[in-house]
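Report on the structure given below.
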Amino acid sequence: MSTTDLIHRYFTAFNAGDTNAMLACLSDDVAHHVNEGKIRTGKAKFADFCAHMSHCYREELTDMVVFEAESGTRAAAEYVVNGTYLSTDDGLPEARGQTYRLPAGSFFDVENGKITRVTTYYNLADWMAQVSA
Numbered sequence: 159m160s161t162t163d164l165i166h167r168y169f170t171a172f173n174a175g176d177t178n179a180m181l182a183c184l185s186d187d188v189a190h191h192v193n194e195g196k197i198r199t200g201k202a203k204f205a206d207f208c209a210h211m212s213h214c215y216r217e218e219l220t221d222m223v224v225f226e227a228e229s230g231t232r233a234a235a236e237y238v239v240n241g242t243y244l245s246t247d248d249g250l251p252e253a254r255g256q257t258y259r260l261p262a263g264s265f266f267d268v269e270n271g272k273i274t275r276v277t278t279y280y281n282l283a284d285w286m287a288q289v290s291a
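Each step along the sequence shown adds one to the number in the working numbering, with nothing skipped, and position 38 is 196.
As structure tokens, then:
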């Protein structure tokens with residue numbers, strides 16, 4: 159499977175809400191660099207993060223474009239996050255079912271057919287403005 163195929167499989171699982179399928183794409187010691195957060199290492203912490211996110215947010219990623227480095231060991235994806243804020247997240251505005259739409263991107267390291275690093279970026283100020291309106 160190519161790196162591009164792996165990244166598409168990861169995001170297909172995300173859109174399906176299938177955390178187990180996402181975990182199957184990851185190395186055991188995956189480094190998860192969360193936007194505005196700490197680095198979490200390992201599949202268990204990644205699964206915990208996904209559970210928290212599923213509780214607070216419902217999201218679908220669209221307009222996906224995946225880029226792969228020639229070596230196949232690095233990739234990037236650009237997409238649009240279409241979401242609903244379901245439950246108030248710590249330190250953030252109160253959730254009232256607000257919807258949002260914002261551009262985002264993820265960067266990946268890949269070794270032996272598994273994702274070893276996921277780094278996600280989006281504009282938190284843009285998100286805050288949308289859910290506070």
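We put the beta carbon where it would ideally sit given N, CA and C, even for glycine.
Q. In terms of residue numbering, what span does the alpha helix (DSSP H) encompassing D206 cover?
A. Residue mapping note: residue 206 aligns to position 48 of the sequence shown, counting from 1. Residues K201 to C214.
Q: Provide the residue span of the alpha helix (DSSP H) that contains R167, from first to last.
A: Position 9 of the sequence shown holds residue 167. Membership of R167 in the alpha helix (DSSP H) is indicated by the continuous run T161 to A174.
(Q) Counting C-beta neighbours from all protein chains within 10 Å, is the total for E226 16 or more, i.e. buried, or is it exposed? (A) Residue 226 sits at position 68 when you count from the first residue of the sequence shown. Buried is the call here.
Q | Range covered by the beta strand (DSSP E) that runs through R184 | A | Here residue 184 refers to the residue found at position 26 of the sequence shown. The question names Arg, yet the displayed sequence has Leu at residue 184. Unbroken beta strand (DSSP E) run through L184: L184 to H191.
Q.
Counting C-beta neighbours from all protein chains within 10 Å, is the total for I165 16 or more, i.e. buried, or is it exposed?
A. The sequence position of residue 165 within the sequence shown is 7, counting from 1. So I165 ends up on the buried side.
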